[in-house]
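Each residue of the sequence shown is one higher than the last, beginning at 18 in the working numbering.
Note that the Cβ used here is the ideal one computed from N, Cα and C, for glycine as well.
Worksheet for the structure shown next.
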Amino acid sequence: MTDDTTTHDTVDIVRNDAGRRYELTVDGALAGYAQFRTGPDTIVFTHTVVKPAFEGRGLGSRLAKFVLDDAVAKGETIVPECPFIAAYLRRHTEYEASVDWP
């Protein structure tokens with residue numbers, strides 16, 4: 018995913034299966050990530066980070082939406098061990114059919 022924010026920063030989010038995380042970059046700099054592990058048809062989100070220099074810009078929510086939309090598109094059941102992802106899911110109930118709460 019690539020899009021331009023109102024501040025003209027280029028934000029990219031990619032799934033890095035080898036690194037077991039989704040990586041969020043802003044203008045090419047790693048700004049955050051969401052770590053995961055996978056099982057048969059499941060994705061377990063374990064930890065999400067937005068680096069302090071990038072906080073307060075809504076990037077964590079954009080990352081959460083992207084990773085959850087991607088998991089749903091892949092047919093994966095979402096297991097939210099990460100408190101940030103769990104909190105996002107509680108506010109966005111449209112994902113409930115794809116969630117297996119721990």
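For residue 97, there is no enclosing alpha helix (DSSP H); the enclosing beta strand (DSSP E) has its first and last residue at 94-97. In the DSSP assignment, residue 86 falls within the alpha helix (DSSP H) that extends over 76-90. Secondary structure within the stretch 41-71: not one fully enclosed alpha helix (DSSP H) run of 4 or more consecutive residues is present. Secondary structure at residue 37: coil, using DSSP grouped into helix, strand and coil. With a threshold of 16 other beta carbon atoms within 10 Å, residue 45 falls short and is exposed. Taking residue 98 as reference, the option from 116, 92, 82 and 39 with the minimal CA-CA separation is 116.
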